[in-house]
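**Student:**
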Amino acid sequence: MALRVTHTTTYTYSNAVSVSHTEVHLAPRSDRTQTPIEHHLVVDPMPESLIARCDYFGNPVTHFSIHEPHETLVITSTSVVDRHVLEAVHPALTPSWEQVAQEVGKHDTEATFEALEFAYESPRVPLTPAFAAYAAPSFTPGRPLLEAGLDLCHRIFTDFKYDQRATTVTTPIDQVLQKRNGVCQDFAHVMIACMRSRGVPARYVSGYVRSARQFASGQASHAWVSAFCPGFGWLDFDPTNDLMPAGGHVTIAWGRDYSDVPPVQGVALGGGEQDISVDVEVVTQGS
Amino acid sequence: MRPHWSPLVDSLSAIGHGGLLGRWQEGRRLLHDNGVTYNVYGDPAATDRPWPLDPVPLVINAREWNGIETALRQRATLLNHILADLYGPRRLLRDDLLPPELIFRHDGFLRPCTGVAVPRGIYLHTYAADIARAPDGRWWVLADRTQAPSGAGYALENRLVSTRVLGDVFRSAQVRRLARFFEVYRETLRDLVPHHRENPRIVLLTPGPYNETYFEHAFLARYLGFTLVEGADLTVRENSVFLKTLGGLLPVDLIIRRQDDSFCDPVELREDSMLGVAGLLQAVRMGNVAVTNALGSGLVESAAPAAFLPHLCRHILGEELKMPTVATWWCGQPQALAHVLENLPKLVIKPAFPDHRHEPIFGARLSPRQLEKLVAEMRAFPADYVAQEQVALATVPVWDERQLQPRHFVLRVYLVAEGDSYAVMPGGLTRVTTSLDSLVVSMQHGGGSKDTWVLADQPAPEFSLLRPEAAAIEVNRATIDLPSRIADNLFWLGRYVERVEMVVRVARAILSRISQESDPLREAGIEAAYRVLAAAGHLGAEPASTAPSAPPERQVLAMIYDSASRGGLGWNLHQVRRVAWLLRDRISADAWQILNRFEQEFSTPAPAEPLRISAATSLLDHFIITLSAFSGLVMESMTRGHGWRFLDIGRRLERAIQLVDLVRYGLGYQPATDSGQLEVLLEIADSSLTYRSRYLTSMQENLVIDLLLLDEANPRSAAFQLARLREDIDQLPESVSLTHRPPEWRLAVRLLTAVQVAEAAELVRPDEHGHWVNLEKLVTRLAVELPLLSETLTRSYFDHAVAAPQLYAPESN
């Protein structure tokens, strides 16, 4: 099934910005769950230079700079991806979470070595004992990883309240854990911290989810979690919607946490007050 | 005592206590006059303090030095290999030769730098090691400096001073020279320039004057002939780096960074860095600019990786590590943790990751309770800790102005990449502890420093290869481009120096009259000068009209001695010093010496009451001479480029403003009360002599006005300043076009014409109320439009400072 995403970010400044340098993670990456078909990035005003490359984690990233004074910056990204439906994994067949932690610790395959990097604390995901404690009921001894993950995902979905006013992009996640509310980014970080504090590699996935009434985060970009399971690869969990992403999600990029893959980041010279508005639309291609 | 010390000790004994004291006073004067300082963080009162240097050098013989050189070359090579692997294939991690956790959790591991090609495959173009000698004579490495090793400039400055003070001893001791090291450094940098451009532009990037070693940044930039820049002076256009200068953007080929790598680019590295250059890493990635040391090289600077060097050395270089690191354990490994916990009282505990900042913990100093808490923490998060053995340090003699005392020391040795290996500076920065009990060697904590004498095997043939060190310090300004920020500071230096001079002249005119016998002429003079001082705001916040209670002399004395009052002499002088400090790399050493003496004179407390006026008068007399020497030297030591031009524009503009104020407040727009009033104006404007040579003793308002405002031949007239301003502005980059003259050019021309067409006789023609309207019109116009000219110049040339960078607000979801 093909999905078309249109993501528009508009920055409006009270004074003109004289120079800006921007880096965006907006192009979908290719993996076993999806094949990107088409991607266009339109920047207004037109950048002086625009360079696309892959970042450290293999995500497509585009770097551009604008050297003419501008009071608004509009970044429009349009992508079409073909989502593949993978065969469902039976939870009981996955190795126990302890085995996963041990395998990754040994890192004697390319896959486990790559996963290792996602097993430690990262800038937005400190591993305080509170996360290990919250994870404990899901990570009972010998429990298969997927069972533990689904249980944790479900508990976060039930225990935490989705509230856009409760947090900002910079709210520390220990506070999220304490107050039990936040948005998809916060829930993803909490789940990552819980899994890592049990030695299971978990990464942050930035992307979109198809606008449908039953899913939260219809009008913005979305975030979820992917955990490493030897023999099964990376398994996705969406704690905001209590499910394993399938046909309705579009993956843009992954990293250790949000700070590795913000959709738009950069520096502007001047500008005064700034205002940002974001519009995201995900539809089934051809409908 | 080690045998190679004996010649030095014999010489010092021959010089004797008194001799050494005398020589050392000379040495300290040199350090002070050269402005050698070190900034101490967290000290609000002083942004910098004198560099502490001990007169007795550390002496190392040729054989011992050979061992040090070989060992450190090996270490630099090894660290380079490690960095190349960690930012490349990461085999060391895959094969567990280095624990992956140590690198993956390290905030110095800059992921965006992975796979970025570094010039000539070298990460560490410069490297320094802190080494210490144990009592048994063995050397140990205490720490590695791999980002932007500081201190080589201080080592050079120490050498300059110690050769001046102990020149005779130095010459007879066959001490190896430092200059070749800096030659190699310069050559290495030239080799790194991308595309091997001829006449590459090399800049030294400093975090700014508030950095602890800013003195050194300025000193090295000047010594090596590179431009000293801050992040805001650079910009990235089309993935190349440019220097913002008055003449436009000039391409930059190589950046010597003196700030941590994570601060170098807010787009890809630390987003909260205001010191960096946005887009720099992309420019590096494209191969358009080289950065030294390579971005990312801070990764191997901390203690934890050092624990693994011995076997990494065997694995990578196939040889034993020649100089051991102080025994180090990373507690992330179970057997290391067990060992550390058993031996805690003998160990120093440090954070394994630089972002977990805490001071080293000395196990021996902990109470049983503290120890228990530490053990619990370490068991819970073992990977966060590194333990090091405490080394017993050998001592060196330090002179405390009475006798020689033993102190512990640490030597920092500098290396620079040369071909496939490294050149080692024969010498280094020796730092000593404050007491024998202390084991912490730190300039931040008040330690001292020493010159380091490495002895040659035989009379050194390298003598002939070298220029004398004093000659090497010559500045080559012709090749230095002028960043807009520097032009801005030079402009303000000119303005403040001129303002200080005016305040001094007015104050002196008042004080010298007060100590004369009383007569009406005297009173009129005091009154006029006092009005000028008060109206121009130099007596502090309160205008004179509201504070008539205190007699003038009291207020003037307060203004001289009270540095706190805004607008007073001390305050203005502080501004001069502040701006000059921002320009440290642009101002000649001689001019610095003068500025430092100023400060000394003004820090002397006010004398007792009866002597105050005469003391203050002679202080001011002295001041005018020193001030002229300062501005003379600054002006004379600069080539006539844009830098000099902006300094001159600042001076001319300020002097014109002051002269207009002098007429406006000192005379007003009606006839003078008596000749005393006119005399004081001439005296303040330093034009008495000219006046008398023309008109003898007859005092007339129109003649005085002509001389102070209209006479283009009088270097103290407003007309003269305006003529010079026009000439200067004519030469500025924006003025080149004949069809589109910039606003500052038009303003300067209009003002000059206004005084050129004015006639003194017309200016003093009274209206029906006896009021000189024409003079008032001219003076008011000048008083309004001269500051306008300053603003216009600022807008045209220094506008970069107005816009502060900000980050994009991230979107939330």
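For the protein sequence lines, the chains are A and B, in the order given.
This note's numbering numbers the first residue of the first sequence as 75 and each following residue consecutively.
This note's numbering numbers the first residue of the second sequence as -19 and each following residue consecutively.
The beta-carbon is built from N, C-alpha and C at its ideal position, and this holds for glycine as well.
1. Can you give me the Cβ contacts of Val141 (chain B) inside the same chain, cut-off strictly under 7 Å, excluding the 5 residues immediately before and after it?
2. With H, G and I counted as helix, E and B as strand and the rest as coil, what does DSSP make of Trp752 (chain B)?
3. Taking the continuous alpha helix (DSSP H) assigned at Trp624 (chain B), which residues delimit it?
4. Let's see if you can read the secondary structure: which residues bound the alpha helix (DSSP H) around Lys302 (chain B)?
5. In angstroms with no decimal places, state the Cα-to-Cα distance between Gly612 (chain B) and Trp119 (chain B).
6. With DSSP collapsed to three states, give me the class of Arg202 (chain B).
7. Compare the C-beta of Arg674 (chain B) against all C-beta atoms of chain A and say whether one is closer than 8 Å.
8. Please report how far the alpha carbon of Ser271 (chain A) lies from the alpha carbon of Val79 (chain A), in whole angstroms.
9. Name the residues in the segment 322 to 341 of chain A whose C-beta lies less than 7 Å from a C-beta of chain B; which are they?
10. List the residues of chain A whose Cβ lies closer than 7 Å to the Cβ of Pro246 (chain B), in chain order.
11. Using a Cβ-Cβ cut-off of less than 7 Å, give me the residues of the segment 183 to 196 of chain A that come near chain B, in sequence order.
12. Under 7 Å between beta-carbons, which chain B residues line up against Tyr130 (chain A)? List them in chain order, please.
13. Of all the options A:Ser139, A:Asp156, A:Glu172, A:Leu167, which has the alpha carbon lying nearest to the alpha carbon of Pro275 (chain A)?
14. Can you give me the C-alpha to C-alpha distance between Thr84 (chain A) and Cys311 (chain B), rounded to a whole angstrom?
15. Which first and last residues belong to the alpha helix (DSSP H) in which Tyr165 (chain B) is found?
16. What residues from chain A crowd round Thr215 (chain B), counting only those whose CB sits closer than 8 Å?
17. Can you name the residues of chain B whose CB is closer than 9 Å to the CB of Glu355 (chain A)?
18. Determine whether the Cβ of Ile247 (chain A) lies closer than 8 Å to any Cβ atom of chain B.
19. Give me the Cα-Cα distance between Gly68 (chain B) and Ala270 (chain B), rounded to the nearest whole angstrom.
20. Counting only Cβ-Cβ distances shorter than 8 Å, please list the residues of the segment 268 to 296 of chain B near chain A, keeping chain order.
21. Do Val735 (chain B) and Leu690 (chain B) have their beta-carbon atoms positioned less than 8 Å apart in this structure?
22. So, helix, strand or coil for Cys268 (chain A), using DSSP?
23. Taking 8 Å as the limit between beta carbons, can you name the residues of its chain near Phe187 (chain A), skipping five residues before and five after?
24. What residues of chain A sit near Gly259 (chain B), judged by a beta carbon separation below 7 Å?
25. Name the residue from B:Arg238, B:Asp240, B:Phe578, B:Val221 whose alpha carbon lies nearest to the alpha carbon of Pro231 (chain B).
26. Would you call Asp364 (chain B) buried or exposed, if buried means 16 or more other Cβ atoms sit within 10 Å of its Cβ?
27. Mapping the DSSP letters down to three states, classify Ser568 (chain B) as helix, strand or coil.
28. Would you say Glu161 (chain A) faces chain B, with C-beta separation under 8 Å as the test?
29. Check each candidate in B:Met539, B:Val614, B:Gln555 and name the one with the smallest Cα separation from Ile574 (chain B).
30. In this structure, how does DSSP classify Arg745 (chain B) when only helix, strand and coil are distinguished?
31. According to DSSP, is Asn576 (chain B) helix, strand or coil?
32. Which chain B residues sit within Cβ distance under 7 Å of Ser123 (chain A)?
33. Can you tell me whether DSSP reads Ala287 (chain B) as helix, strand or coil?
34. Return the residue from the list B:Leu(-8), B:Arg566, B:Val320 that minimises the CA-CA distance to Asp148 (chain B).
35. Please list, in chain order, the chain A residues whose beta carbon lies closer than 7 Å to that of Arg632 (chain B).
36. When the distance is taken between beta carbons, is Asn682 (chain B) closer than 8 Å to Val759 (chain B)?
**Tutor:** The answer reads as follows:
1. What you label residue 141 (chain B) is simply residue 161 of the second sequence in a count that begins at 1. Once the five neighbours on either side are set aside, the close Cβ partners of Val141 (chain B) are Gly7, Leu10, Leu11, Leu33.
2. Within the second sequence, residue 752 (chain B) is the residue found at index 772, counting from 1. In this structure, Trp752 (chain B) counts as coil in the three-state DSSP scheme.
3. Walking along the second sequence from the start, residue 624 (chain B) turns up at place 644. 622 to 646 is the span of the alpha helix (DSSP H), which, as asked, contains Trp624 (chain B).
4. For this step, residue 302 (chain B) is matched to residue 322 along the second sequence. That residue, Lys302 (chain B), is in no alpha helix (DSSP H); it is neither H nor E in DSSP.
5. For this step, residue 612 (chain B) is matched to residue 632 along the second sequence. For this step, residue 119 (chain B) is matched to residue 139 along the second sequence. Roughly 51 Å between the two C-alpha positions.
6. Within the second sequence, the letter at position 222 stands for residue 202 (chain B). Looking at Arg202 (chain B) - three-state DSSP - the assignment turns out to be helix.
7. Looking up residue 674 (chain B) in the second sequence gives position 694. No, because no Cβ of chain A sits closer than 8 Å to the Cβ of Arg674 (chain B).
8. Taking the first sequence and counting its residues from 1, one reaches residue 271 (chain A) at position 197. Taking the first sequence and counting its residues from 1, one reaches residue 79 (chain A) at position 5. Computed Cα separation, rounded: 34 Å.
9. Pro336, Pro337, Val338, Gln339, Gly340, Val341
10. Taking the second sequence and counting its residues from 1, the one referred to as residue 246 (chain B) is at position 266. Per Cβ cutoff of 7 Å: Val341.
11. Phe187, Leu190, Glu191, Tyr194, Glu195
12. As a position in the first sequence, residue 130 (chain A) is number 56, starting the count at 1. Chain B residues near Tyr130 (chain A): Arg91, Pro92, Thr94.
13. Translated into positions along the first sequence, residue 275 (chain A) becomes position 201. The candidate whose alpha carbon is nearest that of Pro275 (chain A) is A:Glu172.
14. One-based indexing of the first sequence puts residue 84 (chain A) at position 10. One-based indexing of the second sequence puts residue 311 (chain B) at position 331. The alpha-carbon atoms of Thr84 (chain A) and Cys311 (chain B) are separated by roughly 48 Å.
15. Working through the second sequence from its first residue, we reach residue 165 (chain B) at position 185. Start and end: 159 to 172.
16. Walking along the second sequence from the start, residue 215 (chain B) turns up at place 235. Chain A residues near Thr215 (chain B): Val93.
17. Mapped onto the first sequence, residue 355 (chain A) falls at position 281. Residues of chain B passing the Cβ test: none, with the nearest at roughly 14 Å.
18. Within the first sequence, residue 247 (chain A) is the residue found at index 173, counting from 1. It does not; no Cβ of chain B falls within 8 Å.
19. The residue given as residue 68 (chain B) occupies position 88 in the second sequence. The residue given as residue 270 (chain B) occupies position 290 in the second sequence. Approximately 18 Å between the Cα atoms of the pair.
20. none
21. Translated into the one-based positions of the second sequence, residue 690 (chain B) becomes position 710. Translated into the one-based positions of the second sequence, residue 735 (chain B) becomes position 755. Taking 8 Å as the Cβ cut-off, Leu690 (chain B) and Val735 (chain B) qualify as a contacting pair.
22. Taking the first residue of the first sequence as 1, we reach residue 268 (chain A) at position 194. The answer is helix: DSSP assigns Cys268 (chain A) an H, G or I state.
23. Here residue 187 (chain A) corresponds to residue number 113 of the first sequence, with the count starting at 1. For Phe187 (chain A), where only same-chain residues beyond five positions count, the Cβ hits under 8 Å are His181.
24. Stepping through the second sequence from its first residue, residue 259 (chain B) is reached at position 279. What Gly259 (chain B) touches in chain A: His95, Ser139.
25. In the second sequence, residue 231 (chain B) corresponds to position 251, counting from 1. If we check each option's Cα against that of Pro231 (chain B), B:Val221 comes out closest.
26. Position 384 of the second sequence, counted from the start, is the residue given in the question as residue 364 (chain B). Answer is buried; the Cβ neighbour count reaches 16.
27. Position 588 of the second sequence holds residue 568 (chain B). In this structure, Ser568 (chain B) counts as coil in the three-state DSSP scheme.
28. Taking the first sequence and counting its residues from 1, one reaches residue 161 (chain A) at position 87. Glu161 (chain A) does not count as touching chain B.
29. Residue 574 (chain B) sits at position 594 when you count from the first residue of the second sequence. That would be B:Val614, whose Cα lies nearest to the Cα of Ile574 (chain B).
30. For the purposes of this step, residue 745 (chain B) is taken as the residue at position 765 of the second sequence. Of the three classes helix, strand and coil, the one that applies to Arg745 (chain B) here is coil, per DSSP.
31. The sequence position of residue 576 (chain B) within the second sequence is 596, counting from 1. Helix, per DSSP.
32. Your numbering for residue 123 (chain A) matches position 49 in the first sequence. Those within 7 Å of Ser123 (chain A) in chain B are Glu218, Asn219.
33. For the purposes of this step, residue 287 (chain B) is taken as residue 307 along the second sequence, with counting starting at 1. Reduced to three states, the DSSP call for Ala287 (chain B) is coil.
34. Translated into the one-based positions of the second sequence, residue 148 (chain B) becomes position 168. If we check each option's Cα against that of Asp148 (chain B), B:Leu(-8) comes out closest.
35. Residue mapping note: residue 632 (chain B) aligns to position 652 of the second sequence, counting from 1. Near Arg632 (chain B) there are no residues of chain A at all, since even the closest Cβ is about 31 Å away, more than 7 Å.
36. As a first step, residue 759 (chain B) must be located in the second sequence, where it is residue number 779. As a first step, residue 682 (chain B) must be located in the second sequence, where it is residue number 702. Not a contact, by the Cβ cut-off of 8 Å.
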